[in-house]
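*Asks:*
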Amino acid sequence: MLLVDWCIINLIGKGVDIIKLQKYLQQLGYSRRKADELIFSGRVSVNGKKIEEPWYDVKEGEEIKINKKTQIVKFKEKFVYYVLNKPKGYVSSLYDPKEKKTLKHLLKNIKEPVKPAGRLDKDVTGVLILTNDGDLINILTSAKYEVEKVYIAKVKGVIDREKLEEIKKGIIDEGEFLVCKDVTVLEAGFDYAILRIVMIKGKKHEVKRLFKYVGSKVVELRRISHGPINISLVPKPGQIKKIEGKWLEKLLKLKQLKSK
Numbered sequence: 605m606l607l608v609d610w611c612i613i614n615l616i617g618k619g620v621d622i623i624k625l626q627k628y629l630q631q632l633g634y635s636r637r638k639a640d641e642l643i644f645s646g647r648v649s650v651n652g653k654k655i656e657e658p659w660y661d662v663k664e665g666e667e668i669k670i671n672k673k674t675q676i677v678k679f680k681e682k683f684v685y686y687v688l689n690k691p692k693g694y695v696s697s698l699y700d701p702k703e704k705k706t707l708k709h710l711l712k713n714i715k716e717p718v719k720p721a722g723r724l725d726k727d728v729t730g731v732l733i734l735t736n737d738g739d740l741i742n743i744l745t746s747a748k749y750e751v752e753k754v755y756i757a758k759v760k761g762v763i764d765r766e767k768l769e770e771i772k773k774g775i776i777d778e779g780e781f782l783v784c785k786d787v788t789v790l791e792a793g794f795d796y797a798i799l800r801i802v803m804i805k806g807k808k809h810e811v812k813r814l815f816k817y818v819g820s821k822v823v824e825l826r827r828i829s830h831g832p833i834n835i836s837l838v839p840k841p842g843q844i845k846k847i848e849g850k851w852l853e854k855l856l857k858l859k860q861l862k863s864k
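In the numbering used here, the protein residues as written are 605 to 864.
#1: Would you please state the rounded distance, in angstroms, between the beta carbons of residue 833 and residue 687? I believe it to be under 8 Å.
#2: Give the secondary structure of residue 741 by DSSP, where H, G and I count as helix, E and B as strand, and everything else as coil.
#3: Mind checking which residues open and close the beta strand (DSSP E) that includes residue 815?
#4: Assuming residue 663 contacts residue 677 (C-beta within less than 8 Å), just tell me the rounded distance between them.
#5: Express the C-alpha separation of residue 851 and residue 766 in angstroms, rounding to a whole number.
#6: Apart from the five residues on each side of it in sequence, which residues of its chain come closer than 7 Å, Cβ to Cβ, to residue 807?
#7: Sort out for me which residues DSSP pairs residue 629 with in a bridge.
#8: Buried or exposed for residue 812, please, with buried defined as at least 16 other CB atoms from any protein chain shown within 10 angstroms of its CB.
#9: What is the C-beta distance between residue 694 and residue 710, in whole angstroms, given that I count them as a contact (C-beta under 8 Å)?
#10: In this structure, does DSSP put residue 820 in helix, strand or coil?
#11: Check residue 697 in the structure and name its three-state DSSP category.
#12: The beta strand (DSSP E) with residue 730 in it runs from where to where?
#13: Quick check on this structure: which residue in 771, 646, 713, 756 has the alpha carbon closest to the alpha carbon of residue 835?
#14: For the beta strand (DSSP E) that residue 798 lies in, which residues bound it at each end?
#15: Among residues of its own chain, excluding the 5 on either side of residue 824, which ones have a beta-carbon nearer than 6 Å to its beta-carbon?
#16: Let me know if residue 793 comes out buried or exposed under the rule of 16 or more other beta-carbons within 10 Å of its beta-carbon.
#17: Pairs of beta-carbons, one from the region 743 to 756 and one from the region 705 to 724, closer than 8 Å: are there three or more?
#18: Specify the secondary structure class of residue 757 as computed by DSSP and reduced to three states.
#19: Shorter than 7 Å from the beta carbon of residue 860 to some beta carbon of chain C?
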């Protein structure tokens with residue numbers, strides 16, 4: 605823990621109601637990088653005054669506006685962590701004016717303002733971690749930390765060894781380098797295959813784009829794990845559960861990656 609973080613935590617514990625603006629945005633679920641981006645771009649104001657310094661002190665009870673959304677500053681005592689088995693047909697956003705089914709409809713019983721660690725396409729199901737811990741969200745979603753995301757995919761067409769080797773070596777698609785860390789054939793039919801796929805980068809539609817490049821189509825995709833959190837915690841679509849105990853210990857160990 606950095607000295608400044610230790611000082612902030614201890615000041616709050618002693619009743620001093622101030623915190624750095626950047627740190628407060630992280631408590632709301634933004635990564636440190638995103639918090640800086642919002643502040644430096646002038647999209648954050650405190651008591652009606654635009655603030656462009658991440659180190660600006662905010663007090664509990666002050667009015668803060670982020671991207672035109674206003675709320676009253678309230679310090680959190682701790683972070684919370686949940687896992688959702690996202691059903692098909694829902695977008696991985698808390699709010700989307702173009703969509704009828706969002707995460708907000710699935711999180712009605714969660715009081716804390718959590719954010720998803722990454723996204724799953726509308727037609728993709730499975731593990732989605734939600735938290736207000738901005739640092740953890742950054743680790744779970746940034747390719748540099750190489751946190752594994754494991755999927756089960758049903759792919760249409762004949763899948764041969766050459767195709768699998770190609771996507772493991774990586775391809776260039778629309779100017780982006782896409783790569784699959786590992787892929788295993790679980791079942792092979794006449795015109796389809798069931799595959800176990802391990803990804804680390806998390807580019808938009810990455811799995812689908814990889815297989816499209818080699819002439820196959822992903823017709824079903826389910827994420828069965830993200831880091832140490834797997835689908836066994838929430839086996840039913842739409843099910844959500846607080847991450848606690850040994851599962852939480854494993855999840856929080858990922859934060860040690862930031863110091864390496």
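Each residue gets a CB set at the ideal place from its N, CA and C atoms; glycine is no exception. Please read these numbers as outputs of a predicted model, since none were measured by experiment.
*Replies:* This is what the structure gives:
#1: 5 Å
#2: helix
#3: Segment 810 to 817 is the alpha helix (DSSP H) holding residue 815; no beta strand (DSSP E) there.
#4: 7 Å
#5: 37 Å
#6: 780, 782
#7: The partner list for residue 629 (beta bridge, DSSP) is empty, contrary to what the question assumes.
#8: buried
#9: 7 Å
#10: coil
#11: coil
#12: 729 to 735
#13: 756
#14: 796 to 803
#15: 758
#16: exposed
#17: yes
#18: strand
#19: Although the question refers to chain C, the structure presented lacks it and comprises just one protein chain.
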